[in-house]
Amino acid sequence: MNIISMLHCEIRKIIRSNVFWLVFLVFAFGPIMMGVGIILSSNTGGINWQMYLTELHNNLAALGVIGYTFIAAWVFGREFTDKTIKDLLAKPIPRSQIVMSKLLVILAWNVLLSVYMFAIGLAVGGVFGLTGWSTYLIWNSFFRFTITSLLFIVATTPGALLANVSKGYLAPLGLILVIVIFSSVMATLGFAPYFPWTIPSVYLSTGSLNLSSIIILASTGIAGIVGTFVWWRFAEQQ
Numbered sequence: 006m007n008i009i010s011m012l013h014c015e016i017r018k019i020i021r022s023n024v025f026w027l028v029f030l031v032f033a034f035g036p037i038m039m040g041v042g043i044i045l046s047s048n049t050g051g052i053n054w055q056m057y058l059t060e061l062h063n064n065l066a067a068l069g070v071i072g073y074t075f076i077a078a079w080v081f082g083r084e085f086t087d088k089t090i091k092d093l094l095a096k097p098i099p100r101s102q103i104v105m106s107k108l109l110v111i112l113a114w115n116v117l118l119s120v121y122m123f124a125i126g127l128a129v130g131g132v133f134g135l136t137g138w139s140t141y142l143i144w145n146s147f148f149r150f151t152i153t154s155l156l157f158i159v160a161t162t163p164g165a166l167l168a169n170v171s172k173g174y175l176a177p178l179g180l181i182l183v184i185v186i187f188s189s190v191m192a193t194l195g196f197a198p199y200f201p202w203t204i205p206s207v208y209l210s211t212g213s214l215n216l217s218s219i220i221i222l223a224s225t226g227i228a229g230i231v232g233t234f235v236w237w238r239f240a241e242q243q
C-alpha cells in the first residue's frame, strides 16, 4: 500500500465521520457572529470593507488556532479512542506513510476550514452591503489570511504529537486553553514575536516577520512533526 492509497483511506475515514461535518457547522457560527458583531458595534455606522476585514481577521485568527489544533489532535487521537491503533500498527505499511498521510489530510482539512471561514465572513459583509469593495482589497486580504492560517497550522503540530503521547485528544484540547491564555499574556507583555502561537498574529498585523520569529515558529513545527514520526516509529513499545 503506497502513500496515495493511505491518503485515500484517511480521506474516506474523515469524510464518513460526523466530526468532519460538525466542525464546519460549528465553525460557521464563529465568522457569522463575529461579522455581525463587528458591523453592529461600529459607533459611526460607516464601517467599510477595509475596516471590517481587519477586525474579522483578528477574530478569526484566534478561532482558527482552536480549530486547527482540534483537527490535528482528532485525526491522530481517534485511533486511540476508537481502539483502531493496534489494527493500524499490525498492517504491513511503513509507519512513516501512516504519519505522512495523516499530516497531509490535516493540512488539507485545515486549509479548507480557513477558506470556508473567510468565505462566510465575506458573505456576512456582503449581506450588510458594506462599502469600499475592490477586487485587489479582497485578494490581498485573502492572501494575508491564508498565509496567517498556514503559520498557525505549523504551530499546531505539537498538538498532533501530544495526541499520540497522551493516546487521545483530551490533552490537546487542554493545550488549546493554555495556548489561548498564554497568547494573551505574551501579547500584553510584548513577547508576541517570540511565542509560537502569537507569531502568526504578528504577521497578520504587520505583514512580515523577523528572523527570530521565523526560526522559533519553524522549530516548533519541525519539533511537532519529527516527534510524531519518532513516536510512530517506536509505537509498539509505547
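Numbering (this note's numbering), first residue to last: 6 to 243. Cβ coordinates follow ideal geometry from the N, Cα and C atoms, glycine included. If you're wondering where the values come from, they're calculated on a predicted model, not measured in any experiment.
- Are G82 and A168 touching if we call contact CB-CB under 9 Å? Cβ distance < 9 Å, so G82 and A168 count as in contact.
Between the beta-carbon of L180 and the beta-carbon of G164, is there less than 9 Å? Their beta carbons are under 9 Å apart, which means L180 touches G164 by this criterion.
Check: For T225 versus V104, is the C-beta spacing smaller than 9 Å?
Finding: Against a cut-off of 9 Å, the Cβ pair of V104 and T225 comes out as no contact.
### Task
Kindly give me the distance between the Cβ atoms of Y208 and T161, rounded to whole angstroms, as I take these residues to be in contact under 8 Å.
Not a contact, Cβ separation roughly 15 Å.
Query - Inter-residue spacing [alpha-carbon to alpha-carbon] between L175 and V80 - result: Taking the straight line from one Cα to the other gives about 13 Å.
> Exposed or buried, which one is K107 when buried takes at least 16 other CB atoms within 10 Å?
Replying inline: Buried is the call here.
### Task
Would you list the residues sitting across from N53 in a DSSP beta bridge?
Residue pairing of N53 in beta bridges, as defined by DSSP: T136.
Checklist entry - Nearest CA to the CA of W237: which residue from F85, I125 and A128? => result Ranked by how close their Cα comes to the Cα of W237, the residues F85, I125 and A128 have F85 in first place.
Flag this pair as yes or no: are the beta carbons of F149 and H13 separated by less than 9 Å?
Here the sequence assigns Arg to residue 149, which means Phe is not the residue at that position. Contact flag unset, no.
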